[in-house]
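Below: the structure, in structure tokens.
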Amino acid sequence: MTTAPIIEQQNLGEFTEQAYLNYSMYVILDRALPHIGDGLKPVQRRIVYAMSELGLKNTAKYKKSARTIGDVLGKYHPHGDSACYEAMVLMAQPFSYHYTLVDGQGNWGSMDDPKSFAAMRYTEARLSPYAQILLQELDQGTVDWLPNFDGTLKEPRLLPAQVPNILLNGGSGIAVGMATDIPPHNLNEVVDALIHLLENPEATLTDIFKYIRGPDFPTTAEVITPIKELKAMYKTGNGSFKMRAIYHVEEGEIVLTALPYQVSGAKVLEQIAQQMLSKKLADVSDLRDESDHENPTRLVIVPRSSRVEIGPLMDHLFATTDLEKSYRVNLNMIGLNGRPQVKDLLMILNEWLEFRQRTVKRRLQNRLDWVEERLHILDGLLIAFLNLDKVIKIVRTEDKPKEVMMKTFKLTEAQADAILDTKLRQLAKLEEMKIKTEQTELASEKKAIEATLKSSAQLKQLLKKELLNVRTTFNSARTSPLVEREEAQAMSEEQRVPSEPVTIILSKLGWVRQGRGYELDGTTLSYKSGDEFLCAAQGRTNEIISFIDTNGKTYGILANALPSARGYGEPVTKWISPPAGAQIVGCMVGKPQTWYVLASSAGYGFVVDVEETRTKNRNGKSTLKVSSGFKALMPQKIETLENHWIAAISNIGHLLCFRAADLPTLPRGKGNKIMGIPSAKLKGQEEWLAHIAVLNEQQSLIVTSGSRTFTLKPKDWVNYQSERGKRGRLLPSGLRKVDLLTIAGE
């Protein structure tokens, strides 16, 4: 007869939800998050415990890492060997762990490449001295023991840490729906804070800040986050802080001697070199890595010249490379209640002190139990020595001496066993004195332990004494200085370019190029077929060139980015995107407070600071408002509004000269009327503003019409002076169709 199988039916959604929940809790509690008690994740705890079981104390000989990993996987942690070995490596790297738990021998990786460690069959390891303060009380009844994964062995639920390793070494991990990022801290500062809490249980977070001032990493790089922000981070258990590399100047060269935590020097040099190759860091000419055993970090940055300002350069590198790095803080851990929680600093310290008090009480109680048991045995042994002949006779004559002795001398089974286990050599007379001495000592110890267990004050004194002993043994000064620094700002594109004189050449078809120096004459250059010279501007390589199109929109391009004048150049549309149909009509360059006259053919315009015309937007910015059917004219540079005149000529030959000071200074807009343009057609031809020029009272105005040139000297163009907005006077017959308006003279 066969039994029908039992089939359990369950809703798929419920099953999936429960399975995922179980998996999530496993990852959170048994893999990703450290426990507040010993500050370790399960894999780390199992590695340390397995090494202690192998006898790998800090005084023992090194053993192959593969031996340790084999024990960990085979006995306690049935997971991947590579992941387990990486966890072991991390605990052995002095640049990763502030207080290493593993003392490694061989290649355990480097700061530049922490994962460059050798395989576990090559490396050897033992526990570090620091690991002993996690293990020292393990066999003193201080912890609970759990069955291992197959139930054949026992492993500790926690290690009886004598200091809050959760703060000293920190930790990071990603669970399901939560993560943890706990920075390391200085042992001296943490112990001082704990002692203060023991002496002042009502202490606040502000009091604790007097001792724990911020994170402390195994690097001498600076923690530059303001104290105010660090306090807020510790108050909420969430936040971030920044670390910055340390440098000094040697013979004009910048020498980096400390990098932020887990920052690779090779990567930093690569980041700087990339900026140099892309011509975004002209102030640096060379890089060198001079790191060695004596100087683990020594990176040299060679400035282009002695004129380079080191401060702004380093600020730029801090802002654009890993020489300054931000670290996330999330003080999430498994508490004494077995639940994950984000805790503030005060909560962590108080909860760990509670853990430590429980541990010490269990240790004392375990010792008290042993002392009482030993005193009980000693009482039996003393009875035996006082009745030695009788005891010997019972042993020699009785078939069951144990039961007879228990009945005769009113002994317990344990006392009788102890008497029967006594060796003949211990029957000497001196043994009686030793028993009485031991009884006295143990009675005194029992009394002291009981007093400590009953008195919270004495227990706190014991905790304080033990913390001070650890502080003395592992005394360590702060390695990461706390220095408030101003936020580093990256240099703008123009600041990163060397300042050299340059001439910008723009053609009528919108091709642009640049040549070094101010001697370049655009009219002598060759142009593509159908193209010709339009205008030139003199500036510097680190200045932004402003271009203006027929719609009055302006655009900005760094002069150094433009192609060399050896060729035809490149279309300006490579860098900017004017609207369809718009053409570039001119360019402007100069430092702030360099002035230009902008005008439209509608007869309106204004004076603008060149700084107002610049933009990094490829689509430009609307600077000059141009009425429909008209276009912007070529901008004209003006040195000053005083003693300068603006000459305006219409397409049919009207010339008007008026004072430049009569034109308003605006950042953008339509401007004011420059020349009165009648709306009606004149002799069948519409009139508009064709050209403008700026001149002073000593300069001549040259009018070019076809092949003819007419020069108006100062005494001549004075006759065309009038108020702004007037129509002006007609030029002589034959010169009224003006092709070009130029200035000559001083």
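Numbering of the sequence shown is given in the numbering used here, commencing with residue 335 and proceeding in unit increments.
Note that beta-carbon positions come from the ideal geometry of N, C-alpha and C, so glycine has one too.
Given a cut-off of 7 Å on the beta-carbon distance, is the pair residue i and residue j in contact?
i: L1035; j: A982; result: no
i: V846; j: V906; result: yes
i: V524; j: R805; result: no
i: F940; j: L1000; result: yes
i: R662; j: D515; result: yes
i: G890; j: R948; result: yes
i: L1065; j: G937; result: no
i: I839; j: G856; result: yes
i: Q691; j: G714; result: no
i: H582; j: A824; result: no
i: L1069; j: S1039; result: yes
Buried or exposed: residue i, going by 16 or more other Cβ atoms within 10 Å of its Cβ?
i: P376; result: buried
i: K862; result: exposed
i: K741; result: exposed
i: K576; result: buried
i: S399; result: buried
i: V636; result: exposed
i: Y357; result: exposed
i: N977; result: exposed
i: G1018; result: Its pLDDT being 45, under 50, G1018 is placed unreliably in this model, and the coordinates cannot settle the point.
i: F992; result: buried
i: Q496; result: buried
i: G864; result: exposed
i: P368; result: buried
i: M359; result: exposed
i: S898; result: exposed
i: H627; result: exposed
Expressed to the nearest angstrom, what Euclidean distance is found between the alpha-carbon atoms of residue i and residue j?
i: T540; j: L611; result: 49 Å
i: R759; j: I769; result: 14 Å
i: E800; j: T457; result: 35 Å
i: S1041; j: Q917; result: 26 Å
i: L990; j: I910; result: 35 Å
i: D437; j: E387; result: 16 Å
i: D550; j: Q605; result: 26 Å
i: G963; j: K842; result: 20 Å
i: M681; j: K757; result: 55 Å
i: G485; j: W479; result: 12 Å
i: S935; j: I1011; result: 9 Å
i: V1037; j: L1046; result: 8 Å
i: T654; j: V602; result: 10 Å
i: D755; j: I362; result: 51 Å
i: K781; j: T774; result: 11 Å
i: E747; j: T731; result: 19 Å
i: E707; j: A353; result: 49 Å
i: P594; j: D447; result: 14 Å
i: R641; j: L896; result: 25 Å
i: Q378; j: S660; result: 26 Å
i: G408; j: D364; result: 17 Å
i: G954; j: E946; result: 12 Å
What distance in whole Å lies between the Cβ atoms of residue j and residue i, which are believed to be in contact at a cut-off of 8 Å?
i: G873; j: G924; result: 7 Å
i: E489; j: Y419; result: Their Cβ separation, rounded to whole angstroms, is 19 Å, which puts E489 and Y419 out of contact at 8 Å.
i: S810; j: N520; result: 7 Å
i: I558; j: I644; result: The Cβ separation is near 18 Å, so there is no contact.
i: A366; j: I500; result: Not a contact, Cβ separation roughly 14 Å.
Leaving out five residues before and five after residue i in sequence, what residues of the same chain have Cβ atoms less than 6 Å from its Cβ?
i: T693; result: T476 and P494
i: R547; result: L816
i: I403; result: D415, C418, Y419 and M454
i: L702; result: I783
i: A995; result: L975
i: R638; result: D617 and S619
Only counting the same chain, and skipping five residues up and downstream in sequence, which positions put a Cβ closer than 7 Å to that of residue i?
i: V1052; result: none
i: N894; result: V831, T875 and N876
i: A592; result: T553, T554, A555, A579, I580 and T631
i: S833; result: R874, T875 and N876
i: F689; result: I370, G371 and L670
i: N503; result: G373, Y431, H432, Y433 and P518
i: N985; result: E1021, W1022 and A1024
i: V725; result: A718, M739 and I753
i: F543; result: K565
i: T786; result: L698, Q792, L793 and L796
Just to confirm my understanding: we take residue i, look at its own chain, exclude 5 residues before and 5 after, and list those with CB closer than 8 Å. What are they?
i: W442; result: V423, A426, Q427, F451, A452 and T457
i: D678; result: L539, Y568, K569, T570, G571 and L665
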